[in-house]
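**Q**
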DNA sequence: GATATTTATGAGAGCAATTATTATTCTTCT
DNA sequence: AGAAGAATAATAATTGCTCTCATAAATATC
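Pasting the structure below:
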């Protein structure tokens, strides 16, 4: 349980109970993409007395520190995922909400080429595809 | 000024002053991507007495009718653009907000290939790239 | 063209997600 | 251990958007 504190230190954040707890939640979750609410509910389940506002604040700090990545798959609320080792894109099932991750070097390369063409200096990019996952294609 | 009414009819919507005005705004705007607030402000500037709720309602109807496409480039609010003839993706300047549109058949093809691999039946996809446009790259 | 029927609108309350404020508590540095 | 500074909890405020419902307008019918 000492790894989280080290990660926080490396990220330049001070060690506080809420930050450690939230990082643990993110690392131990089976579901990679969690909303602030999700995190908050998990904290409540663990009987942690951490306010929702703190969850938002901490997640935003984690984002700034590069520990997590914020996505907005659907309108109105963000989901967060632990920053992995490499960039990837998402396939989101619009029925069950399942998210598949993938990474494609060819697409990445094409994206850079296009950004170059327009003279843009890229800081971020995301490709989200929406549709029905195999399980949710009810024979249509 | 008769074109808008025809477009509305074709979309199966009744002709009302708010709908015509909002469609005109969208068609005459130099900026292709407008938020509901933007549209509302433009209406106010033109001394139109149209409520914000109506703007939202009408834009949502336009979306349902396929007249406009809703994007959520950044969290928390949508922007709308007139539905063009073909799908395209976006390059968004995170400083000045300028949006460049592009379309790349190779990327589209790769996307389909990936969706196939995962067995997804795609309904929608979008690729947004964020960065600094040529004008906003002030040598750091 | 007038009237009936249906549908849309406007104003403001309401809502959900998120952020700001502020007094208090905790972490770190010495 | 104690001071200084930063982080937290609780609550209030804000934002983007939707709902309600009385009123008004648009199409259908005569």
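Protein chains in written order, with this note's numbering: chain A, 1 to 140; chain B, 1001 to 1140. Don't be surprised by glycine CBs; every beta carbon is placed ideally from N, CA and C. Model, not experiment: these values are computed from the prediction.
1. So what does residue 1069 of chain B bridge to, in DSSP terms?
2. Does residue 1038 of chain B get closer than 9 Å to chain A when you measure Cβ to Cβ?
3. Under 8 Å Cβ to Cβ from residue 1089 of chain B, same chain only, skipping five residues before and after it: list those, please.
4. Using 8 Å as the Cβ pair cut-off and three pairs as the minimum, do the segment 1008 to 1028 of chain B and the segment 1049 to 1067 of chain B touch?
5. Give the straight-line distance between the Cα atoms of residue 1063 of chain B and residue 1083 of chain B, rounded to the nearest whole angstrom.
6. Is there at least one Cβ from chain A nearer than 9 Å to residue 1122 of chain B's Cβ?
7. Compute the distance between the beta-carbons of residue 32 of chain A and residue 81 of chain A, then report whether it is under 9 Å.
8. Determine the DSSP secondary structure at residue 1 of chain A, reduced to helix, strand or coil.
9. With 9 Å as the C-beta to C-beta threshold (strictly closer), list the residues of the segment 1073 to 1084 of chain B near chain A in chain order.
10. When the cut-off is 9 Å and only beta carbons count, does residue 1 of chain A lie next to chain B?
11. Classify residue 118 of chain A as helix, strand or coil using the three-state DSSP reduction.
12. Ignore the nearest five residues each way along the sequence and tell me which others in residue 5 of chain A's own chain have a CB closer than 8 Å to its CB.
13. Applying the 10 Å Cβ sphere with the 16-neighbour rule, what's the burial state of residue 115 of chain A?
14. Closer than 9 Å, CB to CB, is residue 131 of chain A near chain B or not?
15. Note down, in chain order, each residue of its chain lying with its Cβ closer than 6 Å to the Cβ of residue 131 of chain A, except the 5 sequence neighbours on either side.
16. Select from the segment 1097 to 1113 of chain B all residues with a C-beta closer than 8 Å to any C-beta belonging to chain A, and list them in chain order.
17. If I measure Cβ to Cβ from residue 35 of chain A and keep anything under 8 Å in the same chain, skipping five residues before and after, which residues do I get?
**A** According to the structure shown:
1. B:1081
2. no
3. 1101, 1102, 1103, 1104, 1107, 1126, 1127, 1128 and 1129
4. yes
5. 9 Å
6. yes
7. yes
8. Only weak support is given to the placement of residue 1 of chain A: the predicted model assigns it a pLDDT of 46, under 50, and the value that follows is read from those uncertain coordinates. Three-state result, residue 1 of chain A: coil.
9. 1074, 1075, 1076, 1077 and 1078
10. Below a pLDDT of 50, predicted positions are generally treated as unreliable, and residue 1 of chain A, at 46, falls in that range; no measurement from the model is reported.
11. helix
12. 15 and 20
13. buried
14. yes
15. none
16. 1100, 1102, 1104, 1106, 1107, 1110 and 1111
17. 77, 78, 79 and 80
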